[in-house]
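Novice:
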Amino acid sequence: MKFVPRDTTALPGAYVLQVADMLVPWRVSAEQLLSAGGLTRESLSEPDSRVSLTLANDLLARAIELTGEPALGVLLGAQMKVSHHGYIGFAAMTAKNVGEALLIAERFAPLRSTAVELRLVVEDEAAALSLVFNTDLEPLRQTALLAVCVGVLQMGAAITGKALTGRAELTFPRPDYIDRFLPLLGDNVVAFEQPANRMVFPAEYLELPLSMADPIATRLALEQCERELAALGEQAQLVGRVRRLIESRRDGFPSLEDVADALHVSARTLKRQLAAQA
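Using my numbering, you'd call the opening residue of the sequence shown number 38 and step up by one each time.
1) Return yes when the Cβ of LEU96 is within less than 8 Å of the Cβ of VAL53, no when it is not.
2) Below 8 Å CB to CB, which residues in the same chain sit around GLN231 once its five sequence neighbours on both sides are set aside?
3) Helix, strand or coil for PHE145, going by three-state DSSP, please let me know.
4) Measure the alpha-carbon distance for LEU174 versus ARG78 and round it to whole angstroms.
5) Please list, in chain order, all residues of the same chain as MET130 whose beta carbon is under 6 Å from its beta carbon, the five residues on each side excluded.
6) Within a Cβ cutoff of 6 Å, which residues of the same chain sit near ALA200, ignoring the five residues on either side of it in sequence?
7) Quick check on this structure: which residue in LEU245, ALA57 and LEU139 has the alpha carbon closest to the alpha carbon of VAL189?
8) Would you kindly report the start and end of the unbroken alpha helix (DSSP H) that includes ARG99?
9) Could you name the residues of the same chain whose beta carbon sits closer than 7 Å to that of ALA304, not counting the 5 residues immediately before and after it, in chain order?
10) Between GLY50, GLY123, ALA67 and GLY114, which has its C-alpha nearest THR255's C-alpha?
11) Which of the three DSSP states, helix, strand or coil, is assigned to VAL65?
12) Check whether the Cβ of ALA304 sits closer than 7 Å to any heavy atom of the ligand GTP, and report yes or no.
13) Measure from the alpha carbon of PHE218 to the alpha carbon of each residue in GLY110, ALA100 and GLY50, then state which is nearest.
14) Do SER167 and ARG149 come within 8 Å of each other at the CB atom, strictly closer than that value?
15) Please give the ranges of any alpha helix (DSSP H) in the stretch 203-249, keeping only runs that are unbroken, at least 4 residues long and fully inside the region.
16) Drop a sphere of 10 angstroms on the beta-carbon of ILE141, count the other beta-carbons inside from all chains shown, and report buried for 16 or more, exposed for fewer.
17) Could you give the distance in angstroms between the alpha-carbon of VAL185 and the alpha-carbon of ALA268?
18) Taking 7 Å as the limit between beta carbons, can you name the residues of its chain near VAL65, skipping five residues before and five after?
19) Which residues in the same chain have their Cβ closer than 6 Å to the Cβ of GLY126, if we skip the five residues on either side of it in sequence?
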């Protein structure tokens, strides 16, 4: 028996399904897109469904080809909701204020994908939320960054009940299609070819209360997030050791028994540990 370590950088299947469902105006069905990757609506609707970054990138490229619309990231962000992000979203939208919500998102972002990092920095009167997307895959990287930037604006307004303004700084060149969406961005500024991907806004926004604040609901959601994060840490450690062993082999792909021997455990024990973290 051979074992392929679980890819913790993979994206939740729900994100891919959202892209598939937004293609209706172009008369492209979700099935038409997903079948190219051997996926179905039912499989992506499963809570634990994950899609590798490579497959997600291929599907996104196909979606752009089928629709002729390169700005799918902007459109995806425009319809993004906090609830799309599972327990993290639930904990964030019931937090007491914007600052607490962003700290929750920063801490637990790896639960959605370890390829994504959020970093909140406050300096004097300005706050910045840096977006680190650890992949060079295109169009996935550019699309994801635009979706997050636009999505944060949409979600911020939804959970505070206020129109928030700020400045988005992105590392890639200005795309031709962005001019079509300037009305959607309102008073927000988007600057391209910047040193880092981040969103800058007044630090006073961090104190804005959230309309759905509920400390009990937040605590319950955070407890679930902590459990998942602990499991992710254990998984990352074990999967990392397994992956390093596989990568170090020059004589072919090792079997589960080979890996177990190298880790000084029985194949049965290793199989059980990996199954518990799958």
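C-beta atoms are modelled at their ideal positions from N, C-alpha and C, and glycine is treated no differently.
Specialist: Reading off the structure:
1) Stepping through the sequence shown from its first residue, residue 53 is reached at position 16. Stepping through the sequence shown from its first residue, residue 96 is reached at position 59. Yes. Within cutoff.
2) Mapped onto the sequence shown, residue 231 falls at position 194. Excluding residues within five positions, the ones whose Cβ falls inside 8 Å are GLU206, LEU207 and THR208.
3) Position 108 of the sequence shown, counted from the first residue, corresponds to residue 145. In this structure, PHE145 counts as helix in the three-state DSSP scheme.
4) The residue you call residue 174 lines up with position 137 of the sequence shown. The residue you call residue 78 lines up with position 41 of the sequence shown. If I take the Cα positions, the gap works out to 24 Å.
5) Numbered from its first residue, the sequence shown carries residue 130 at position 93. For MET130, where only same-chain residues beyond five positions count, the Cβ hits under 6 Å are VAL119, ILE196 and MET249.
6) Indexing the sequence shown from 1 puts residue 200 at position 163. Same-chain partners within the cutoff: ALA194.
7) Start at 1 with the first residue of the sequence shown, and residue 189 comes out as number 152. For VAL189, the nearest C-alpha among the options comes from LEU139.
8) On the sequence shown, residue 99 is found 62 positions in, with the first residue counted as 1. Its alpha helix (DSSP H) spans residues 90-104.
9) Counted from its first residue, the sequence shown places residue 304 at position 267. LEU293, GLU294 and ALA297.
10) Start at 1 with the first residue of the sequence shown, and residue 255 comes out as number 218. The candidate whose alpha carbon is nearest that of THR255 is GLY123.
11) For the purposes of this step, residue 65 is taken as the residue at position 28 of the sequence shown. The DSSP-derived three-state label of VAL65 is coil.
12) Inclusion of the ligand GTP in the displayed structure is not the case, the ligand content being empty and no account of it being possible.
13) For the purposes of this step, residue 218 is taken as the residue at position 181 of the sequence shown. The residue from GLY110, ALA100 and GLY50 with its alpha-carbon nearest to that of PHE218 is GLY110.
14) Numbered from its first residue, the sequence shown carries residue 149 at position 112. Numbered from its first residue, the sequence shown carries residue 167 at position 130. For the pair ARG149 and SER167, the CB atoms are not nearer than the 8 Å cut-off.
15) Here the runs fully enclosed are 219-222.
16) To locate residue 141, count along the sequence shown from 1; it is residue 104. Counting Cβ neighbours within 10 Å, ILE141 comes out buried, since at least 16 surround it.
17) Position 148 of the sequence shown, counted from the first residue, corresponds to residue 185. Position 231 of the sequence shown, counted from the first residue, corresponds to residue 268. Across the structure, VAL185 and ALA268 are spaced so that their CA atoms are roughly 26 Å apart.
18) Taking the sequence shown and counting its residues from 1, the one referred to as residue 65 is at position 28. Beyond the five residues adjoining it in sequence on each side, VAL65 comes within less than 7 Å, by CB distance, of LEU103 and THR104 in the same chain, given in chain order.
19) As a first step, residue 126 is located in the sequence shown; it is residue number 89 there, counting from the start. So the qualifying residues of the chain are VAL119 and SER120.
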